[in-house]
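What follows is a set of notes on a single structure, which appears directly below.
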Amino acid sequence: WNIDERFDVIVVGGGHAGCEAALASARLGAKTLLLTLNIDKIAWQPCNPAVGGPAKSQLVHEVDALGGEIGKVADMCYLQKRVLNTSRGPAVWALRAQTDKREYAMRMKNIVESTANLCIREAMVTDILLGKNDNVEGVCTFFGMNFYAPSVVLTTGTFMSGKIWVGRTSMPAGRAGESASHGLTENLQRLGFETDRLKTGTPSRVDLRTVDFSGLEPQHGDEEVSWFSFDPDFHIEREQMCCYLTRTTKRTHQLIKDNLHETPTYGGWVEAKGPRYCPAIEDK
Numbered sequence: 008w009n010i011d012e013r014f015d016v017i018v019v020g021g022g023h024a025g026c027e028a029a030l031a032s033a034r035l036g037a038k039t040l041l042l043t044l045n046i047d048k049i050a051w052q053p054c055n056p057a058v059g060g061p062a063k064s065q066l067v068h069e070v071d072a073l074g075g076e077i078g079k080v081a082d083m084c085y086l087q088k089r090v091l092n093t094s095r096g097p098a099v100w101a102l103r104a105q106t107d108k109r110e111y112a113m114r115m116k117n118i119v120e121s122t123a124n125l126c127i128r129e130a131m132v133t134d135i136l137l138g139k140n141d142n143v144e145g146v147c148t149f150f151g152m153n154f155y156a157p158s159v160v161l162t163t164g165t166f167m168s169g170k171i172w173v174g175r176t177s178m179p180a181g182r183a184g185e186s187a188s189h190g191l192t193e194n195l196q197r198l199g200f201e202t203d204r205l206k207t208g209t210p211s212r213v214d215l216r217t218v219d220f221s222g223l224e225p226q227h228g229d230e231e232v233s234w235f236s237f238d239p240d241f242h243i244e245r246e247q248m249c250c251y252l253t254r255t256t257k258r259t260h261q262l263i264k265d266n267l268h269e270t271p272t273y274g275g276w277v278e279a280k281g282p283r284y285c286p287a288i289e290d291k
């Protein structure tokens with residue numbers, strides 16, 4: 008079938024950036040379409056559910072100053088907040104919040120769904136549609152449906168041709184338990200864009216009921232809570248959870264050294280440099 012849907016702006020991807028782009032567009036009066044692979048995973052936080060940190064907290068403050076929602080929602084959903092780098096000068100201080108990922112996603116999804124001028128569709132975008140003068144005209148989805156708009160914003164995150172490695176085994180995935188997006192990477196390459204891959208490692212998840220906390224060092228949140236949003240209506244304190252620090256042992260080090268060849272980077276089947284502030288344990 009052929010349904011001709013036309014918009015002013017199409018946003019591809021419903022993560023942090025996609026939500027903010029779609030909200031900004033719709034609030035400026037543009038008829039906006041947000042396309043996402045899974046509506047139930049809008050604003051879902053994978054891996055460590057945190058907002059802020061070095062450099063990123065400044066970005067969150069700026070997005071808030073421009074009318075965005077990430078700072079407000081993080082202030083409503085935090086489990087623990089700490090200002091990092093306080094032993095150094097204030098220029099490098101950074102607010103970081105551990106958040107309740109389910110509450111965060113639910114609140115952001117409610118905001119996106121209730122915003123005027125903003126339509127949400129579940130679809131996988133495979134192609135950017137171009138006009139005779141190489142002007143953007145819209146997008147084509149995996150099932151052959153076209154959506155038209157003169158402006159397209161790509162906020163696809165880790166999903167474009169994404170791949171997960173567990174030791175020597177890999178599978179296509181945008182993140183754990185979710186399929187990757189296929190077709191758009193190749194389409195952008197055909198249009199002359201250069202693409203590259205980023206890498207990060209994810210630690211295992213541990214059931215706190217199975218942990219002996221007696222040998223761990225408690226790390227509490229700040230007594231004086233700081234805020235991402237400049238709006239005092241969202242400055243509502245809540246009970247914080249405690250984090251815990253632990254350290255590796257000689258036995259751990261030996262176990263890692265004995266199995267370096269089983270890791271994708273040191274084993275040689277992935278060529279990548281991990282993120283500076285989130286190194287894999289074998290790098291650290």
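Using our numbering, read the sequence shown as starting at 8 and increasing by one per residue.
Note that beta-carbon positions come from the ideal geometry of N, C-alpha and C, so glycine has one too.
Values in this document were obtained by computation on a predicted structure and should not be read as measured data.
Could you check if residue i is buried or exposed, using at least 16 other CB atoms within 10 Å of its CB as the buried criterion?
i	result
Asp-290	exposed
Trp-51	buried
Ala-156	buried
Met-178	exposed
Arg-109	exposed
Ala-29	buried
Phe-14	buried
Lys-79	buried
Thr-122	buried
Val-18	buried
If we ignore side chains and look at the alpha-carbon of each, how far apart do residue i and residue j end up?
i	j	result
Arg-95	Pro-61	13 Å
Gln-247	Arg-212	20 Å
Ser-236	Lys-206	30 Å
Ala-264	Thr-272	Rather than Ala, the amino acid found at residue 264 in this sequence is Lys. Cα to Cα, Lys-264 sits roughly 13 Å from Thr-272.
Ile-118	Asp-47	14 Å
Trp-8	Asn-124	The pLDDT assigned to Trp-8 is 46, lower than 50, so where the model puts this residue is not dependable; a value taken from the coordinates is nonetheless given after this. Computed Cα separation, rounded: 25 Å.
Gly-190	Ser-168	8 Å
Asn-92	Val-99	6 Å
His-323	Gly-274	Examination of residue 323 is not possible in this model, given that the chain is present from 8 through 291 alone.
Arg-89	Leu-102	6 Å
Gly-74	Glu-244	22 Å
Tell me, please, which residues DSSP counts as bridged to residue i.
i	result
Asn-153	Cys-147
Lys-170	Pro-179
Thr-207	Beta-bridge pairing links Thr-207 to no other residue.
Ser-158	Val-16
Lys-88	Ala-104
With a cut-off of 8 Å on the beta carbons, I'd call residue i and residue j a contact; round off their distance for me.
i	j	result
Val-159	Val-143	5 Å
Ser-32	Thr-39	4 Å
Under a three-way DSSP split, which group does residue i fall into?
i	result
Glu-201	coil
Cys-26	helix
Val-99	helix
Glu-129	strand
Lys-108	helix
Lys-79	helix
Trp-8	Residue placement at Trp-8 is flagged as unreliable, the pLDDT there being 46, under the threshold of 50; the coordinate-derived value follows with that caveat. The answer is coil: DSSP assigns Trp-8 none of H, G, I, E or B.
Gln-226	strand
Asp-214	coil
Gln-32	Correcting the residue identity first, residue 32 is Ser in this sequence and not Gln. It is helical.
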